[in-house]
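Asker:
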């Protein structure tokens with residue numbers, strides 16, 4: 014028997030709408046989560062450490078960026094620095110979500126912030142491009158964030174426990190690349206986003222010679238700077254045209 018407040022939340026139309034909208038992209042998220050769970054154990058992490066990372070870090074790109082460094086015995090500062098750089102985008106994401114969540118209590122803002130992800134943020138902004146901070150908008154985000162968390166964590170945990178059943182010859186890393194590609198293509202909502210993605214890809218390829226996967230860190234950082242500069246310039250141009 015579910016608690017009354019949980020039953021009320023699950024019956025809320027805005028929560029259910031957010032749940033349905035995110036469910037449409039759940040397959041790609043699940044595939045990526047499964048690959049990440051398998052990759053963590055295959056890289057030498059214990060099952061329980063992989064579980065802790067999956068539940069607390071909850072960021073596939075940062076997890077995968079850190080794995081080669083951990084396997085290579087890189088200094089802890091470098092591992093943390095790589096994960097930090099990869100996750101810098103969440104600073105921008107949090108700033109975008111602030112108008113939607115600022116009326117909530119501190120505890121709720123922290124909990125909702127934990128649920129912010131690449132895909133469910135895009136879905137949220139597409140459905141509610143103007144922030145009003147209403148209960149309807151927060152319930153919609155909670156619905157999308159919940160299903161995003163479930164579609165990630167369940168396959169990721171399954172991959173952690175079943176990693177030894179996947180032979181290396183199956184090319185799990187390639188499957189992960191395909192899963193990530195499916196998600197990235199869905200994020201190309203406009204030319205600016207597509208340009209940043211293409212730029213990051215080109216830079217990471219051009220800087221492939223760098224050791225310890227530093228090409229990924231530099232490519233993401235430079236693409237973020239270019240993307241934020243482009244966004245600021247576009248806003249100024251729009252303001253002058255009005």
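Numbering (the working numbering), first residue to last: 14 to 255.
Glycine included, C-beta positions come from ideal geometry on N, C-alpha and C.
Keep in mind that this is a model prediction, so the values were computed, not measured.
1) Which whole-angstrom value describes the C-beta separation of residue 288 and residue 47, a residue pair presumed to lie in contact below a C-beta threshold of 8 Å?
2) Alpha carbon to alpha carbon, how far is residue 117 from residue 93? Give it in angstroms, no decimals.
3) Ignore the nearest five residues each way along the sequence and tell me which others in residue 221's own chain have a CB closer than 6 Å to its CB.
4) I'd like the list of long-range same chain contacts for residue 101, defined as Cβ closer than 8 Å, with 5 residues on each side in sequence excluded.
5) Could you pull the start and end residues of the alpha helix (DSSP H) that residue 129 belongs to?
6) Could you pull out every residue in the same chain whose Cβ sits closer than 7 Å to the Cβ of residue 70, ignoring the five residues on either side in sequence?
7) Should residue 40 go down as buried or exposed, given a rule of 16 or more other Cβ atoms within 10 Å for buried?
8) To which residues of the same chain is residue 55 closer than 7 Å at the C-beta, ignoring the five residues directly before and after it?
9) Compare the Cα-Cα distances from residue 225 to each of 241, 42, 174, 80 and report the closest residue.
10) Residues in its own chain within less than 6 Å of residue 152 by CB, not counting five upstream and five downstream?
11) Look up residue 100 in the DSSP assignment and say whether it is helix, strand or coil.
12) Of the choices 34, 84, 103, 128, whose alpha-carbon is the least far from that of residue 68?
Answerer: Inspection of the coordinates gives the following:
1) Coverage of the chain is limited to positions 14 through 255, which leaves residue 288 absent and any answer about it impossible.
2) For the purposes of this step, residue 93 is taken as the residue at position 80 of the chain shown. For the purposes of this step, residue 117 is taken as the residue at position 104 of the chain shown. Their Cα atoms are separated by approximately 30 Å.
3) Numbered from its first residue, the chain shown carries residue 221 at position 208. 228.
4) Here residue 101 corresponds to residue number 88 of the chain shown, with the count starting at 1. Excluding sequence neighbours, residue 101 sits near 233, 234, 237.
5) Walking along the chain shown from the start, residue 129 turns up at place 116. Segment: none, residue 129 is in no alpha helix (DSSP H) and carries neither H nor E.
6) For this step, residue 70 is matched to residue 57 along the chain shown. Within the same chain, residue 70 has close Cβ partners 76.
7) For the purposes of this step, residue 40 is identified with residue 27 of the chain shown, where counting begins at 1. With fewer than 16 other beta carbons inside 10 angstroms of its own, residue 40 counts as exposed.
8) The count along the chain shown starts at 1 and reaches residue 55 at position 42. Closer than 7 Å at Cβ, skipping near neighbours: 176.
9) Indexing the chain shown from 1 puts residue 225 at position 212. Comparing Cα-Cα distances from residue 225 to each of 241, 42, 174, 80, the minimum goes to 80.
10) Within the chain shown, residue 152 is the residue found at index 139, counting from 1. These residues qualify, in order along the chain: 25, 27, 28.
11) Here residue 100 refers to the residue found at position 87 of the chain shown. Note: residue 100 maps to coil in three-state DSSP.
12) Here residue 68 refers to the residue found at position 55 of the chain shown. Checking every option, the nearest Cα to that of residue 68 belongs to 128.
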